[in-house]
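Working notes, beginning with the structure itself.
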Amino acid sequence: MINPTLSGMATYPFVRLEEARRDLVARGVDVIDFGKGDPNEPTDPMIRQALIDALPERAPYPLAAGLPELRAAAAGWCGRRFGVDLDPDTEIVPTYGSKEAIFSLAQVLDAQDNTVVYGEPAYPVYERGALFAGARVHTLPLVREHGFLPDLDAIPDDAAIVWVNYPHNPTGAVAPRAFYDELAERARELDFYIASDEAYTELWFDEPPPSALQAVDRSRVIVFQTLSKRSSMTGYRSGFIAAPPEVIDALKAYRPTVGTAPQEFVQRASVVAWSDERHVEETRARYRAKRDVLLPVLERKGWEVVASEATMYLWVVAPDGTVERLLERGVIVSPGEFFGPSGAGYVRFALVPTLEECERAASILEAL
Ligand SMILES: Cc1ncc(COP(=O)(O)O)c(C=O)c1O
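Its first residue numbered 0, the sequence shown is counted upward by one per residue in numbering that gives the first Met the number 0.
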């Protein structure tokens, strides 16, 4: 028999978008895909070279604790970027991208028969990880009137894990630093862990967004970082968790069983990626150029762009039928309800097509 949690699950929404894309291509339509959030930006040559240079004749199994050089690079980056002092040996563990680590957190902490809480609209993995771990889930609606931040008074007493994700996918909202202090205070009162998915902290346009690591009390803060968006390295699968020593110990005990330590040649390339900011500035400039092409035309057409302060997403209030009308013209966007009921009435543009494709999409939008 198949695990009922799996058979009861709806198709991962992006599989449906991929099917729509293939249909369009088969009909000879020129597709511009703003659907899935997989960056098309090139990985910096310096990072690619580091991987090549590190490729050994034989690669043994990597250890779950990761290379000391990678843990040091991750801790050093947290220090420079967020002004926090982390012990690379007791407060950092490398991950195979962040998705697997996000998925399995509820199995590592005592979430069974407790509640995992997350805001919606959301990246779907918080829910799926919780369900496979036998936890209950509780969602907090993220609405425009509250800046797409959750109502902390609505966190239930039996919460074991509360997920937050700022800058937020899909809305692009940013949490102020004080939010993390309030959340940390609530975590102490109700005894839960804060799981902060920070995949997008480096894709910003005005000011660098804060991290949950900057909370005055970070004794219950677990941060998930990744090179996927910051360094356009989705396929490398490389990230890290920064957390209190007891959580890192638990992860070091759990992760060898799952076998999710990143390959050592990827870890060596990752050291280079965490140690350089120039390529990240270039990446931000590329996303900024694409925003600058799309924002004015969306405004001219009366499509309101809300939040969207950071990340590579634009969160747009769109009239009914927008997704279909765009699809007919080869422009794929994600319907907001893919990310949860509070996403209804919005569409998400992931700024992953090339600048030239964004310019073409702008003309299509203009003529719509
Ligand atoms: C909010 C959010 N978190 C985490 C991830 C996972 O990224 P990765 O596993 O590539 O680190 C993504 C990827 O799209 C995301 O959108």
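Cβ atoms here follow ideal geometry from the backbone N, Cα and C, with glycine treated the same way. It should be emphasised that the depicted structure is a prediction, and the values quoted were computed from it without experimental measurement.
- Residue Tyr95 holds the alpha-carbon nearest to the alpha-carbon of serine 269 among Tyr95, Ile154, Asp29 and Glu90.
- Looking only at Ile240, Pro169 and Trp203, the smallest Cα-Cα distance to phenylalanine 33 is reached by Pro169.
- The stretch 81-92 and the stretch 107-115 do not touch, with fewer than 3 CB-CB distances between them shorter than 8 Å.
- Residue side-chain check: asparagine 39 keeps its Cβ at 6 Å or more from all non-hydrogen atoms of ligand 1.
- Note on asparagine 164: 16 or more other CB atoms within 10 angstroms of its CB, so buried under the neighbour-count rule.
- Here histidine 137 carries a strand assignment [DSSP, helix/strand/coil].
- Going by DSSP, arginine 20 is part of the alpha helix (DSSP H) stretching over 12-25.
- The Cβ atoms of alanine 49 and arginine 267 sit closer than 7 Å to each other.
- At least one heavy atom of ligand 1 sits closer than 6 Å to the Cβ of tyrosine 122.
- In this structure, the alpha-carbon of lysine 289 lies about 34 Å from that of glutamate 263.
- The residue from Met45, Gly65, Arg21 and Phe348 with its alpha-carbon nearest to that of alanine 252 is Gly65.
- Every alpha helix (DSSP H) of 4 residues or more that sits fully in the stretch 206-265 is shown, in chain order, as 226-229 and 244-257.
- The stretch 326-340 and the stretch 12-27 touch, with three or more beta-carbon pairs separated by less than 8 Å.
- Using a Cβ distance threshold of 7 Å, isoleucine 101 and phenylalanine 178 do not count as a contacting pair.
- Collapsing the DSSP output to three states places threonine 353 in coil.
- Closest by C-alpha distance to alanine 242, out of Ser227, Lys228 and Ala214, is Ala214.
- For serine 103, there is no enclosing beta strand (DSSP E); the enclosing alpha helix (DSSP H) has its first and last residue at 98-107.
- For isoleucine 91, the enclosing beta strand (DSSP E) stretches over residues 91-94.
- Isoleucine 193 has Val161 and Val220 as its beta-bridge partners, per DSSP.
- Per DSSP, valine 83 lies in no beta strand (DSSP E) and is assigned neither H nor E.
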